[in-house]
């Protein structure tokens, strides 16, 4: 197979991580890196390496497309640039792999979807769990009925984030310095994969994700950021299956993701964030099925292998498209438009200096774990720090207004 021509937009940060995935987990004969595009390309970690390899560098996508073309464009740039860069790449005849989120607001995602349809090209969104074999095989077994009807999908994450994490022009912000929507939060960034995966595994097609009918949330802020760092999300799908996310960056212990998906005939579990995080179904008779580890870097790189293959053969299907991500984006936009954010109690927040400065709530990791185990919100369990939940209206919600933008409230503990 002739190598496809690949260009990357955004060669620092996550783009640098993607370049590492390409080096380690993608057949070098399958692609030719024809451009690294970054306005500050001299400062990207692989500058010397890319220069030595003879990879052309450009400051803007426009500069690149003025002199060359690509079969596939990997977009790993800041969120507010995704829409214009997707449209530009499609206009120039390229397929696209855009890192998540596809766009911060629904209107932009719908514009991108329309452009994809008009272009005749394909666009994948980098929710890597949707691309990998373990999740795809699990989804097939759900669709076939092997596991029985879905009853409950629960996720727990207590990823500690220190002060340095929020030393950024966009993390924890509603807008960037130029006024562009960012809407960064624990649900749209660090744990976005798990909220999206909840919808994805219940989709009725290879590339579909289910839209919840009901959604109730409690949002909290322990960091004094513009948005929120702790979220409890309770919802239900039309099938009757409920779901629950208990996720925080302010927990007093660091705990990697734990998934527990309960079906009529089996319970599916996974724990961890690397190659040890195997997805295992345990059936009522005690037998098990191991789907493999969906979170190891080899599987993260599947989105790259898939989209390179699609660029070489456009008849191939893409498992995560603009349509696929609409349930996740709809929920997140509706939450920002409708939900209240409450401060975590100041008298339980503790400053730490090791391994670096940070602010965490005493006992929160355990309280969040109890929520996960019971599938109940903090207010339902009667925690003395809990506040009233917000019922999110999803029916007919198609446009982000920003009129309320939940995070405008006083969120400083």
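In this note's numbering, the protein residues as written are 1247 to 1659. Idealized CB from N, CA, C, for every residue including glycine.
Inset, instruction - For residue 1257, name the three-state secondary structure that DSSP assigns. - result: Reduced to three states, the DSSP call for residue 1257 is coil.
Legend entry - Distance CB(residue 1587)-CB(residue 1492) smaller than 9 Å: Result no, Cβ atoms of residue 1587 and residue 1492 do not sit closer than 9 Å.
Inset, instruction - Can you grab the Cα-Cα spacing for the pair residue 1440 / residue 1275, in whole Å? - result: Here the alpha carbons of residue 1275 and residue 1440 stand approximately 33 Å from one another.
Legend entry - At least 3 beta-carbon pairs within less than 8 Å: the region 1454-1468 vs the region 1410-1417: In short, these stretches do not touch, since the Cβ pair count stays below three.
Inset, instruction - Output the residue ranges of the beta strand (DSSP E) runs that lie fully inside the region 1364-1446 and measure 3 residues or longer, sorted by chain position. - result: DSSP runs (the beta strand (DSSP E)) wholly in the region 1364-1446: 1369-1371, 1396-1404.
Inset, instruction - Under 8 Å Cβ to Cβ from residue 1365, same chain only, skipping five residues before and after it: list those, please. - result: If we look at residue 1365 and ignore the five residues flanking it on each side, its Cβ neighbours are 1336, 1337, 1339.
Inset, instruction - Look at residue 1468 and residue 1496 and say whether their C-beta atoms are less than 9 Å apart. - result: Yes, the pair counts as a contact, with Cβ atoms nearer than the cut-off.
Legend entry - Straight-line gap, residue 1258 to residue 1421 (C-alpha atoms, nearest Å): When only Cα atoms are considered, residue 1258 and residue 1421 end up about 21 Å apart.
Legend entry - Burial state of residue 1480 (16 or more Cβ within 10 Å): Label assigned to residue 1480: buried.
Inset, instruction - Could you check what DSSP says for residue 1634 in three-state terms: helix, strand or coil? - result: In the structure shown, residue 1634 adopts coil according to DSSP, grouped into three states.
Inset, instruction - Let me know if residue 1295 comes out buried or exposed under the rule of 16 or more other beta-carbons within 10 Å of its beta-carbon. - result: It is exposed - the Cβ of residue 1295 has fewer than 16 other Cβ atoms within 10 Å.
Inset, instruction - Could you have a look at residue 1272 and say whether DSSP puts it in helix, strand or coil? - result: In the three-state reduction of the DSSP assignment, residue 1272 falls in the coil class, being assigned neither a helical nor a strand state.
Legend entry - Same chain, Cβ closer than 7 Å to residue 1280, five either side skipped, listed in chain order: Excluding residues up to 5 positions away in sequence, 1251, 1252, 1253, 1302, 1314, 1316 lie with their Cβ nearer than 7 Å to the Cβ of residue 1280 in the same chain.
Inset, instruction - With a cut-off of 8 Å on the beta carbons, I'd call residue 1267 and residue 1546 a contact; round off their distance for me. - result: With 8 Å as the limit, residue 1267 and residue 1546 qualify as a contact, their Cβ atoms being about 6 Å apart.
Legend entry - C-alpha distance - residue 1284 paired with residue 1306, whole-angstrom precision: Going by the C-alpha atoms only, they are around 6 Å apart.
Inset, instruction - Go to residue 1457, then tell me how far its beta strand (DSSP E) extends in each direction, as first and last residue. - result: It is not in any beta strand (DSSP E) - residue 1457 carries neither H nor E in the DSSP assignment.
Inset, instruction - Tell me the start and end of each unbroken alpha helix (DSSP H) in the region 1524-1595 that is at least 4 residues and wholly inside, in chain order. - result: Runs of the alpha helix (DSSP H) lying entirely within the region 1524-1595, each at least 4 residues long, are 1543-1546, 1548-1558, 1572-1584 in chain order.
Inset, instruction - Please name the residue or residues paired with residue 1467 in a DSSP beta bridge. - result: Residue 1467 pairs with 1589.
Inset, instruction - List the DSSP bridge partners of residue 1341. - result: Partner(s): 1318.
Legend entry - Secondary structure of residue 1601, DSSP reduced to three states: Residue state, collapsed to three classes: coil.
Legend entry - Of the residues 1583, 1602, 1605, the one placed nearest residue 1649, counting alpha carbons only: Just measuring C-alpha positions, the residue of 1583, 1602, 1605 sitting nearest residue 1649 is 1583.
Inset, instruction - Would you tell me roughly how many angstroms separate the C-alpha atoms of residue 1264 and residue 1639, rounded to the nearest one? - result: Near 37 Å, if we compare the C-alpha coordinates of residue 1639 and residue 1264.
Legend entry - Contact the region 1502-1510 vs the region 1393-1400: 3+ CB pairs below 8 Å: They touch, by the three-pair rule.
Legend entry - Which of helix, strand or coil DSSP assigns to residue 1266: In this structure, residue 1266 counts as helix in the three-state DSSP scheme.
Legend entry - Rounded straight-line distance, which links the Cα of residue 1636 to that of residue 1375: Taking the straight line joining both Cα atoms gives about 29 Å.
Legend entry - Spatially closest choice to residue 1429 from 1520, 1550, 1352, by CA coordinates: Answer by Cα proximity: 1352.
Legend entry - Boundaries of the beta strand (DSSP E) in which residue 1507 is found, first to last residue: Its beta strand (DSSP E) spans residues 1501-1509.
Legend entry - 6 Å Cβ shell around residue 1442 - same chain, five flanking residues per side excluded: Once the five neighbours on either side are set aside, the close Cβ partners of residue 1442 are 1373, 1574.
Inset, instruction - With DSSP collapsed to three states, give me the class of residue 1606. - result: Strand.
Inset, instruction - Give the range of the beta strand (DSSP E) segment to which residue 1477 is assigned. - result: Residue 1477 -> beta strand (DSSP E) spans 1476-1482.
Legend entry - Given residue 1193 as reference, the closest of 1451, 1354, 1383, 1485 once Cα atoms are compared: Outside the shown range of the chain, which is 1247 to 1659, sits residue 1193, and nothing can be said about it.
Legend entry - residue 1309 beta carbon less than 9 Å from that of residue 1333: No, they are not a contact pair.
Legend entry - Boundaries of the alpha helix (DSSP H) in which residue 1309 is found, first to last residue: Counting along the chain, the alpha helix (DSSP H) containing residue 1309 begins and ends at 1307-1311.
Inset, instruction - Go to residue 1625, then tell me how far its alpha helix (DSSP H) extends in each direction, as first and last residue. - result: Judged by DSSP secondary structure, residue 1625 falls within the alpha helix (DSSP H) whose first and last residues are 1624-1627.
Inset, instruction - State yes or no: is the beta carbon of residue 1498 nearer than 9 Å to at least one beta carbon in chain C? - result: Protein chains in the displayed structure number just one, and chain C is not present.
Inset, instruction - Thinking residue 1523 and residue 1535 are a contact (beta carbons under 8 Å), I'd like their distance in whole angstroms, please. - result: About 16 Å; that fails the 8 Å criterion.
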